[in-house]
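Okay, so here's the structure we're looking at.
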Amino acid sequence: MIDSTSKNLVLINSNNGVVWSSSNSTKEAQNPVVQLLDSGNLVLRDGNNGNSGIYLWQSFDYPTDTLLAGMKIGVNLKTGLDRRLTSWKNWDDPSPGDLVWRLLVLHNYNAESTLWKGSKLWYRSGPWNGITYSFIPQLSPIFEFYFVQNEEEVYYICLPKNKSITFRTVINETSNQRELYTWDGTSRLMSLSSSRQVDSCDEYGRCGAYGNCIITLSPVCQCLKGFNPKSPEKWNSAVWSQGCIRNNSLNCKRGDGFFKFNGIKLPDTTYSWLNESMNLNECQAKCLQNCSCTAYSSNDIRNGGSGCILWFNDLIDIREIANGAQDLHVRMSASELAEPDVKHKPRKIMVITITSAIAVVSGIVLVSYYFYSGRKKLKDKYKFENNEAPDEDMDLLLFDLATISRATNKFSLSNKLGQGGFGPVYKGTLLNGQEIAVKRLSSNCGQGLIEFKNEVILIAKLQHRNLVKLLGCCIQGNERLLIYEYMPNKSLDYFIFDQTRGKLLDWSKRFNIMCAIARGLLYLHQDSRLRIIHRDLKASNVLLDNEMNPKISDFGMARIFGGDQTEGNTKRVVGTYGYMAPEYASDGLFSVKSDVFSFGILMLEITTGKRSRGLYHQDHNLNLIGYAWRLWNEGNDLELVEPFLMESCHLSEVKRCIHISLLCVQQHAEDRPSVASVVLMLGSKSELPLPKKPGFLVDRSSVERESPSSKPVSSSTNEISLSMLQGR
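Per UniProt numbering, the very first residue in the sequence shown carries number 1; after that it's consecutive.
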């Protein structure tokens with residue numbers, strides 16, 4: 001309502017107490033009018049003012065968790081108004097969450113789009129370069145972005161190119177994503193069309209000072225040319241926060257120069273200097289004049305580049321961008337530059353230089369020969385006699401058997417972590433203190449050699465925060481070892497199926513685990529360089545790090561597909577009963593939807609704390625899927641959930657997860673959603689389709705009685721017969 005005294009828009013409680021006010025202190029309306037515009041903007045204006053575009057207060061200045069067309073994200077430099085998005089705590093609690101999306105305006109008037117978790121900077125876009133920010137992976141082609149900077153305001157605004165398009169962007173704390181919804185005229189609903197999730201290289205300062213994050217490499221952090229890790233021991237243990245230091249100190253009086261790095265996100269501009277009128281040559285000269293200047297770049301890349309940014313501190317938060325257009329010139333000592341000017345140096349230095357060059361070239365030839373010979377021997381070791389696994393180079397670290405034997409105390413029982421599908425897994429500690437997990441291929445395992453090679457080839461090419469990281473391998477004699485990063489909290493099944501340990505995973509942790517597994521699976525199916533079907537996704541193949549972040553492991557049964565290939569068939573069915581899709585278990589047909597089925601089972605297990613295999617309704621021989629389907633139809637689906645979880649959960653979130661899991665375990669593959677759709681479902685409140693009757697409602701025991709090829713429960717492989725993998 002409008003308060004008759006203050007002329008402000010107010011909310012009052014049942015006792016007529018004001019709980020909120022628009023608090024317009026700049027002007028008083030003679031005839032206050034509240035109007036909801038077609039844009040969605042709720043405005044307070046003076047009805048006596050002939051200019052209806054002048055607002056005394058507007059909701060667009062306080063966007064909460066949602067950005068609409070025409071909203072500004074940025075700062076009013078005169079009033080201090082900071083227009084930002086702040087997430088809800090969860091779907092049912094609209095109070096402010098920890099995730100904040102805002103425009104960070106620095107003292108030098110550089111401005112960057114940033115994402116914060118509480119008081120911690122989580123992601124920065126880099127400065128505006130005249131077209132976009134230094135790093136935004138993909139600008140949607142249906143929108144136009146404008147950046148405005150003047151004496152009164154610094155902001156950016158997003159408008160649809162087609163004015164008939166209605167959209168909203170939501171910042172979702174549950175999934176840690178920015179989600180774009182567009183209006184669907186057919187369903188007459190706002191439907192989720194895309195989402196933007198922070199990847200590991202987006203994390204602020206991931207690689208420390210002078211570290212370059214390259215998402216396609218392993219490890220992702222690389223020191224810039226001319227720099228080496230400040231702490232090699234920590235760097236080799238994947239602790240990169242200390243960053244890199246120069247090989248040779250700068251000497252301002254002895255010909256420092258610059259090395260040009262192409263296609264990168266510019267470093268943090270907090271301690272930078274900006275001049276929009278300089279050209280690049282003037283910018284370089286300005287940097288050389290100041291011995292504290294560490295780098296320079298153009299601030300506007302249009303028309304060949306203009307403007308100047310200078311940095312005066314360590315360069316933080318750099319990442320390489322595929323097809324990026326931004327260049328950074330980093331100050332180097334003369335000795336580090338690729339082509340030093342020796343034209344006027346004494347003859348003695350010239351001779352030394354030429355001699356050194358010859359020595360270097362000779363060394364390169366010898367090293368190249370040794371490397372080629374070594375790689376050839378390595379390839380010979382990998383040439384196993386099978387036709388199913390691809391024959392590719394495996395570019396990763398090789399460990400010798402003595403090192404791994406020493407690290408695992410000679411593979412002692414006290415170091416044994418568990419038993420995988422093709423051999424035991426041991427905990428080890430390298431000489432540098434790094435903890436590792438060693439998967440040792442059993443010598444009597446007939447299938448293991450193929451799976452070993454497959455796992456090395458696959459994981460060496462994969463980099464995602466929710467996939468276990470392969471550090472290297474060992475091939476010596478009959479020994480085949482895979483060396484992984486160590487996961488201190490073991491596997492997911494260690495917690496969710498134990499009454500005591502299960503209480504360590506409250507609902508919030510479980511939901512985050514489900515979302516993270518889905519994102520890892522999405523990477524395998526869609527976002528990696530290869531399309532990969534895991535084929536054995538289950539609770540014991542999801543490992544947990546020290547912060548309970550999940551990582552998908554065990555790629556021995558996975559299969560590579562081409563970019564446009566989505567399914568295949570085999571007569572050699574591998575996987576685990578209770579997680580296998582009907583079409584795969586019965587006909588050997590597998591696809592990305594087979595993994596979706598397994599994920600649906602995993603969701604049910606995480607949500608309920610119950611195993612998929614086993615009887616949950618004696619009279620009807622129902623397994624977990626059947627029991628969930630029965631209770632869902634009766635409207636009693638919450639009976640699935642353990643009482644201790646009910647104390648910490650949001651009921652609507654739990655019911656939604658059960659609903660999504662039932663969609664994933666549909667009888668027919670075409671009825672199941674894609675993993676991309678599952679990720680969007682988990683991160684939104686959009687309406688869900690009704691599930692049909694799922695597959696495999698009865699307990700596995702009935703299947704085992706009918707199938708002469710079944711293996712005991714302890715085996716994760718059900719081999720019917722061996723054949724070539726064929727695309728279909």
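We put the beta carbon where it would ideally sit given N, CA and C, even for glycine.
Sub-8 Å separation of residue i and residue j beta-carbons
| i | j | result |
| --- | --- | --- |
| residue 410 | residue 466 | no |
| residue 676 | residue 463 | no |
| residue 173 | residue 263 | no |
| residue 545 | residue 487 | yes |
| residue 70 | residue 9 | no |
| residue 608 | residue 510 | no |
| residue 93 | residue 118 | no |
| residue 72 | residue 165 | no |
| residue 626 | residue 665 | no |
| residue 658 | residue 632 | yes |
| residue 101 | residue 124 | no |
| residue 596 | residue 672 | yes |
| residue 43 | residue 154 | no |
Per-residue burial, residue i [other beta carbons within 10 Å of its own, 16 or more giving buried]
| i | result |
| --- | --- |
| residue 1 | exposed |
| residue 295 | buried |
| residue 401 | exposed |
| residue 661 | buried |
| residue 668 | exposed |
| residue 79 | exposed |
| residue 538 | buried |
| residue 439 | buried |
| residue 279 | exposed |
| residue 689 | exposed |
| residue 461 | buried |
| residue 691 | buried |
| residue 54 | exposed |
| residue 612 | buried |
| residue 299 | buried |
Limits of the beta strand (DSSP E) - the one that residue i falls within
| i | result |
| --- | --- |
| residue 550 | 550–552 |
| residue 474 | 470–476 |
| residue 694 | Looking at the DSSP string, residue 694 is not in any beta strand (DSSP E), and its letter there is neither H nor E. |
| residue 240 | Taken as a continuous stretch (DSSP letters only), residue 240 belongs to no beta strand (DSSP E), as it is neither H nor E. |
| residue 212 | 211–213 |
| residue 633 | No beta strand (DSSP E) holds residue 633; the alpha helix (DSSP H) holding it covers 624–634. |
| residue 295 | 295–297 |
| residue 204 | Run containing residue 204: none; DSSP gives neither H nor E here. |
| residue 669 | That residue, residue 669, is in no beta strand (DSSP E); it is neither H nor E in DSSP. |
| residue 146 | 143–149 |
| residue 579 | Premise fails: residue 579 is in no beta strand (DSSP E) and is neither H nor E. |
| residue 228 | 227–229 |
| residue 100 | 93–105 |
Boundaries (first-last residue) of the alpha helix (DSSP H) holding residue i
| i | result |
| --- | --- |
| residue 496 | 493–496 |
| residue 520 | 507–522 |
| residue 645 | 643–646 |
| residue 403 | 401–407 |
| residue 586 | 582–587 |
Local conformation of residue i per DSSP, three classes
| i | result |
| --- | --- |
| residue 664 | helix |
| residue 73 | strand |
| residue 394 | Bear in mind that the predicted position of residue 394 carries a pLDDT of just 49, short of 50, making it unreliable; the figure below should be weighed with that in mind. Correct three-state label for residue 394: coil. |
| residue 547 | coil |
| residue 289 | helix |
| residue 655 | helix |
| residue 679 | helix |
| residue 595 | helix |
| residue 276 | coil |
| residue 504 | helix |
| residue 256 | coil |
| residue 525 | helix |
| residue 638 | helix |
| residue 310 | strand |
Within-8 Å CB hit, residue i to chain C
| i | result |
| --- | --- |
| residue 245 | In summary, chain C is missing from the structure at hand, where a single protein chain is found. |
Worksheet item: Does the region 201–209 come within contact of the region 243–254, defined as at least 3 CB pairs closer than 8 Å?
Response: yes
Worksheet entry | Touching by the beta-carbon criterion (3+ pairs, under 8 Å), the region 420–436 and the region 491–506 | no
Practice prompt. Check whether the region 199–206 touches the region 303–323, counting contact only when three or more Cβ pairs, one atom from each stretch, lie closer than 8 Å.
Written response: yes
Worksheet item: Is the number of C-beta pairs between the region 81–96 and the region 219–234 that are closer than 8 Å three or more?
Response: no
Practice prompt. Taking 8 Å as the threshold, find out whether the region 146–166 comes into contact with the region 285–300 through three or more Cβ pairs.
Written response: no
Practice prompt. Give a yes or no on contact between the region 641–654 and the region 583–596, applying the rule of three or more CB pairs nearer than 8 Å.
Written response: no
Worksheet item: Do the region 328–336 and the region 248–261 touch if we need at least three Cβ pairs shorter than 8 Å?
Response: yes
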